[in-house]
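The structure appears below as structure tokens.
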Amino acid sequence: MPRDYVLRPFRPPVELHINYAGELNRQQYEAVTALPSPALVIAGAGSGKTRTLTYRVAYLLEQGIPPDRILLLTFTNKAAKEMMHRVADLLAGDISGLWGGTFHSIGNRILRRHSDRIGFKPEFTILDREDAKELLKSCIEEVKTNKDPRFPKADVLADILSLASNTRRPIAETLHEEYDHLESRAAEITSIETMFTSRKRTANVMDFDDLLLLWFRLLQDNQDLLELYQRRFQFLLIDEYQDTNKLQSDLIDLIADRHKNVMVVGDDSQSIYSWRGANFRNILHFPDRYPDARVYKIETNYRSTPEILQLANAVIASNTNQFSKRLTASRGSGAKPVVVACETAFEQARFVVQRALELREEGKSLNDLAVLYRSHFHALELQLELTRSGIPFSITSGIRFFEQAHVKDVAAHIKWIANPTDELSYKRLVRLIPGIGGKGADKLWAAFRECWNHPADHPSTDATRPKELASLLQACGKRAPKKSAVAWAQFSTTISQLEEISEKPSSMIRLILDAGYDEYLRNTYSNYRNRLEDLDQLSNYALQFPTTEEFLSQLALVSNAETDEEKPSSESEPRIHLSTIHQAKGLEFSVAFVIMLCDGLFPSSRSLERSESAEEERRLFYVAITRAKDELYLSYPLIRLNAGYSNSVVQQKSRFLTDIPDEIIDTWNLRSGSY
DNA sequence: CGCGGAGACCTTTTT
DNA sequence: GGTCTCCGCG
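The numbering of the first sequence is the working numbering, which starts it at 1 and goes up by one.
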């Protein structure tokens, strides 16, 4: 059944005040922003990719295109938000119809509107990785016929299923290409996948991959909706195109099929997400799929000094699989990058601390400094040293704010009330009650389902209002262990109170704390104060969302780099920033320290097994180098304490460092000075 | 069946 | 060092 699409009157063209930043090449930007679609912009690191896209959006609006005809897809929600702010500033106008965000967040918005078409209810909840794994685990248990210890674990399985979905390949083919040792398991894995899919559907939950896959299917299977969105999103702009996977590029192609107004921007040298299914060949083959595409290269770098750029060029030159491009610096000369050899990781940490303090003396803010590393645990010693020296730092840690146990416990209350079919949230809640564990939760879930399906058997419930969760809970509380009866009654009371205020997530959090979670925290965790503070913050954070649904979507979809900024405690005190290289993508800092450049750590020993991933490691190193504007320090320890076994391991200097010609770097050898 | 203690095992990157 | 798993006790 076709839908009506209301055409709004064209707005008169607005006055555009693009203020080309002084250092930028104005002609170049004008050429790119006015480029006819389809267009492919190959833009090197620091060449102002984001700025180009921002101007492009502003340009389109200036041409009289209504904001709701534009879809802006970026790598993080934060990037989209910043670009949209910038556009609003440039135009001094209302651009509220403009949609911008990650593929996942846009998928979420669209799927909520049409969930009925794919057999979901609009209040579906989103599973994070951990939840998805847990659900997968119980599917494995059901399919597994005998106790086979070599059966692939939920971790591996989650990766396989995700990769298959994102590359749009059948599972058997994915196994053949990437996990050949599991090829004989294809049939079992496929049946687990089938069960996993149906369990998600009954629970009315989606995982990350579903947000893309179901979005794609929705458009593919519903001609009217396809047409609706093809007409609505008349201009598509995609940032970081080198990191899109097959599913994402197919989505773009599907929506763009009618008008072909696509502008993609990316840099194949910065492709660092292939393990997630990203395929930088999407960029290479773009001109094949869009024969009319104009290709535009930006090889000027506005960010870094020529010395840093020379190093970047030297590093990436060893890679064979790429568009050839050579970045030229637009800035004046600076200091050579420095390679620092350290004895131990602690000495390396002291080096960073001391240098950071010196730079602060020289007038740099700590905000201008960043320490980058391959994996989260590489920053361990540095964190200790920074804390010891009292230097403020912020860190994008491995554990995300929203994935910590206490945040998830509280969120489970809100999620379950919004979506009572959410099995995982229910079980999580029930297991908080003393005396109820994994098996008990399974049984109580079955009991709850039964009360839900047959409310007539339980006179206390009102059949016309199946959402009276608290009374259903009371009804099936009989099946809870006797010693848990009091806690169970308390639980159902809390739920009934929460149902009253189910559209006020902030008040819900406070109520959950008052109703006993506070006490639970106190008894369970030694760092009870911190966790309580987190929840306090979460409650404040929730205030900004008009609906519970938006709050929950936000919890599931924002990355930790974004939450860092969102935390209300963001006092203006300058902090040195610690981050993995992956999470520093798209950012820039005056001074960058890249630490732990030891062979086996960076490049990581796992990646050296395959030649393509060895090239990707080098691209990652390239990304790290090109984050620096003025100064760059590359350091490595010779000895590193091996966590746990308390024996030290001698490290080899990273092969990335030995490959660098001596004349383009300075070498510092650390000596211990006396006070 | 829940829970606490003892041992094994692992350490890539994330929307 | 921290998490997950298994085992035996209550």
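Each residue gets a CB set at the ideal place from its N, CA and C atoms; glycine is no exception.
Unbroken alpha helix (DSSP H) run spanning residue i, endpoints
i    : result
T224 : A small fix is needed here, since residue 224 is Asp in this sequence, not Thr. First-last of the alpha helix (DSSP H) with D224: 223-232.
K200 : 186-203
S105 : 103-113
E173 : 171-178
W275 : Where W275 is concerned, there is no enclosing alpha helix (DSSP H), given that its DSSP letter is neither H nor E.
I659 : In the sequence on display, residue 659 carries Asp and not Ile. First-last for D659: undefined, no H or E at that position.
D514 : Where D514 is concerned, there is no enclosing alpha helix (DSSP H), given that its DSSP letter is neither H nor E.
D207 : Careful: D207 lies outside any alpha helix (DSSP H) and carries neither H nor E.
I308 : 306-316
A164 : 154-167
H413 : 405-418
I118 : Per DSSP, I118 belongs to no alpha helix (DSSP H) and is neither H nor E.
P36  : Element bounds for P36: n/a, residue is neither H nor E.
G438 : 438-453
Rounded straight-line distance, which links the Cα of residue j to that of residue i
i    : j    : result
L212 : P337 : 42 Å
E183 : L157 : 13 Å
D94  : H85  : 11 Å
P661 : F602 : 19 Å
H114 : P122 : 8 Å
E343 : P637 : 5 Å
V430 : Q234 : 48 Å
R168 : T244 : 13 Å
E134 : H454 : 28 Å
Q230 : L218 : 13 Å
S492 : P505 : 18 Å
C476 : E130 : 28 Å
A692 : A58  : Any property of residue 692 remains undetermined from this structure, which presents the chain solely from 1 to 675.
R11  : A411 : Since pLDDT at R11 reaches only 43, below the 50 mark, its modelled position is unreliable, and no value is offered.
R281 : L73  : 19 Å
L214 : S165 : 10 Å
I70  : G107 : 15 Å
D267 : T548 : 38 Å
Limits of the unbroken beta strand (DSSP E) element including residue i
i    : result
H85  : Unbroken run through H85 is the alpha helix (DSSP H), 77-91; no beta strand (DSSP E).
E616 : Premise fails: E616 lies in the alpha helix (DSSP H), 611-625, not in any beta strand (DSSP E).
K297 : 294-298
V262 : 262-266
L523 : Sequence inspection shows Asn at residue 523; the Leu mentioned does not correspond to that position. N523 -> not in any beta strand (DSSP E); alpha helix (DSSP H) instead, spanning 518-524.
N669 : 666-669
Residues near residue i in its chain [Cβ-Cβ closer than 6 Å; skip 5 each side]
i    : result
C139 : I192, M195, F196
Own chain partners of residue i with C-beta closer than 8 Å, once the 5 adjacent residues on each side are dropped
i    : result
H104 : F208, L211, L212, L557
G119 : R201
T580 : L372, Y373, R374, S375, H376, T396
R335 : The question names Arg, but residue 335 is Ala in the sequence shown. Counting only Cβ-Cβ distances below 8 Å, and skipping sequence neighbours, we find T305, E307, D630, E631, D666.
Y525 : H406, R531
K364 : S590, V591
L511 : T494, Q497, L498, I501
Residues bridged to residue i [DSSP beta-bridge criterion]
i    : result
L372 : S579, V594
K482 : According to DSSP, K482 bridges with nothing at all.
K364 : Beta-bridge pairing links K364 to no other residue.
C342 : P637
F589 : A628
F680 : This structure gives no information on residue 680, because the portion of the chain shown stretches from 1 to 675.
A43  : I298
I70  : F235
A329 : N301
I126 : M206
S604 : G600, L601
W99  : L71
Contact set for residue i: own chain, Cβ-Cβ below 7 Å, skip 5 residues either direction
i    : result
E142 : M195
Q310 : I664
L359 : L369, V591
A487 : I433, P434
R199 : L135, C139
TODO: Check whether the segment 347-354 touches the segment 385-393, counting contact only when three or more Cβ pairs, one atom from each stretch, lie closer than 8 Å.
DONE: yes
Task: the segment 412-431 touching the segment 545-553, judged by at least three CB pairs closer than 8 Å - done: yes
Open item on the list: With three or more C-beta pairs closer than 8 Å as the rule, is the segment 604-615 touching the segment 292-300?
Closed with: no
Open item on the list: Using a Cβ distance threshold of 8 Å, determine whether the segment 301-318 contacts the segment 52-66, with at least three qualifying pairs required.
Closed with: no
Open item on the list: Count Cβ pairs between the segment 589-599 and the segment 610-628 that sit closer than 8 Å; are there 3 or more?
Closed with: yes
TODO: Could you tell me whether the segment 259-266 touches the segment 228-239, using the rule of 3 or more Cβ pairs below 8 Å?
DONE: yes
Task: Cβ pair count under 8 Å reaching 3, the segment 42-49 against the segment 244-261 - done: no
Open item on the list: Can you confirm whether the segment 216-231 touches the segment 442-450 when touching is taken to mean that 3 or more C-beta pairs between the two stretches lie within less than 8 Å?
Closed with: no
TODO: Check whether the segment 170-177 touches the segment 378-387, counting contact only when three or more Cβ pairs, one atom from each stretch, lie closer than 8 Å.
DONE: no
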